[in-house]
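S.K.: My structure is below; once you've seen it, I'll send some questions.
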Amino acid sequence: MDLTSKNRRRGFSLIELMITMALILIMAAMLAGRGSGSRQNRDLAKCEKNLQSIFTALTIYSSDNAGRYPFVSNAKTSEEPLSLLVPRSTTVTEMFICPGTKDSRLPEAEPFAKRRISYAYYMGWNKNAPDLAPLVSDRQVNPQPKRVGDKLFSGDGKDPGGNHHKYGGNVLFNSGEIQTSGTNVTIDLLFPTNVVFLNPKS
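All you need for this note's numbering is the position in the sequence shown, starting with 1, plus 14.
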């Protein structure tokens, strides 16, 4: 009996092993891609809860300040005005960090004007603004007013506007409604000259 030929029939050739490994790698890459999208969907949902909490803090602040939302003259980034919410309107700072980012956690119950948060702020509105006045959103690609179809969030996951990689982001309105959007605007995000759009620190 030829044991050598028998062993050859039972084993795998190098080419067969390479093809098998290639198929495993392709399947792993496909599953990883799907996992990334589903993780970002979970992060978008958590981010929406953050914005709901921020809206509650803004409402409390406005009740204590004649209907006005936080305002800091000559503010350059969203951290300055939104930091005014802490600690009187909220002691929770976790909600200012989007789960889709790598932004560092903030100390609880401490103002964060000198630190970095994840959310942009439309500074200058008050509680009597229109329901569709945008208040807070994920980091945006630029500070300009935007009409339907304009680029809102990063399309390649790079900043600015990449809180959720290439999966869009959330916008909070004065009504308390939160809209999840793709990378392009689906509803006009306009504001008058007395309102200033502030992205967080880059």
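Every residue, glycine too, gets a C-beta built ideally from N, C-alpha and C.
Owing to the predicted nature of the structure, the values given are computational and were not obtained by experimental measurement.
Under a three-way DSSP split, which group does Ser77 fall into?
M.R.: Of the three classes helix, strand and coil, the one that applies to Ser77 here is helix, per DSSP.
S.K.: Using the Cα positions of Tyr135 and Val106, report the straight-line distance between them to the nearest angstrom.
M.R.: If you take the alpha carbons of Tyr135 and Val106, they lie about 18 Å apart.
S.K.: Please work out which residues of its chain come closer than 7 Å, Cβ to Cβ, to Val210, disregarding the five sequence neighbours upstream and downstream, and give them in chain order.
M.R.: Only Met137, Gly138 meet the Cβ criterion.
S.K.: Do Pro113 and Asp57 have their beta-carbon atoms positioned less than 9 Å apart in this structure?
M.R.: Yes, these two residues count as a Cβ contact at 9 Å.
S.K.: For Ser258, which residues in the same chain have their Cβ closer than 7 Å to its Cβ, ignoring the five residues on either side in sequence?
M.R.: Look at the range of the chain in this structure, 15 to 216, and you will see that residue 258 is not part of it.
S.K.: Which residues in the same chain have their Cβ closer than 6 Å to the Cβ of Gly176, if we skip the five residues on either side of it in sequence?
M.R.: Counting only Cβ-Cβ distances below 6 Å, and skipping sequence neighbours, we find Ser168.
S.K.: What's the gap between the Cα of Pro121 and the Cα of Leu31?
M.R.: Whole-angstrom Cα-Cα distance: 52 Å.
S.K.: Taking the continuous beta strand (DSSP E) assigned at Pro95, which residues delimit it?
M.R.: Per DSSP, Pro95 belongs to no beta strand (DSSP E); it is in the alpha helix (DSSP H), 93-96.
S.K.: In three-state terms, what does DSSP make of Lys63?
M.R.: Looking at Lys63 - three-state DSSP - the assignment turns out to be helix.
S.K.: Hey, is Ser77 close to the ligand MN, as in C-beta under 8 Å from one of its heavy atoms?
M.R.: Absence of the ligand MN from the depicted structure is noted, as is the absence of any ligand whatsoever, leaving it without description.
S.K.: Note down the Cα distance separating Leu204 from Asn198, rounded to an integer number of angstroms.
M.R.: Going from the Cα of Leu204 to the Cα of Asn198 covers about 14 Å.
S.K.: Taking Arg119 and Ile131 to be in contact with their CB atoms under 8 Å, please state how far apart those CB atoms are, rounded to whole angstroms.
M.R.: The pair is not a contact, with the Cβ atoms about 11 Å apart (cut-off 8 Å).
S.K.: Which runs of the alpha helix (DSSP H), 4 residues or longer, sit entirely within the segment 88-140?
M.R.: Counting whole runs of 4 or more residues, the segment 88-140 contains the alpha helix (DSSP H) stretches 93-96.
S.K.: Could you pull the DSSP bridge partners for Gly183 from this structure?
M.R.: Looking at the DSSP assignment, Gly183 forms a beta bridge with Ser195.
S.K.: Going by C-alpha distance, which of Tyr133, Pro101, Ala89 is nearest Leu65?
M.R.: The shortest Cα separation from Leu65 among Tyr133, Pro101, Ala89 belongs to Tyr133.
S.K.: May I have the straight-line CA-CA distance separating Ile29 from Cys61, to the nearest angstrom?
M.R.: Looking at the two C-alpha atoms, the distance is approximately 48 Å.
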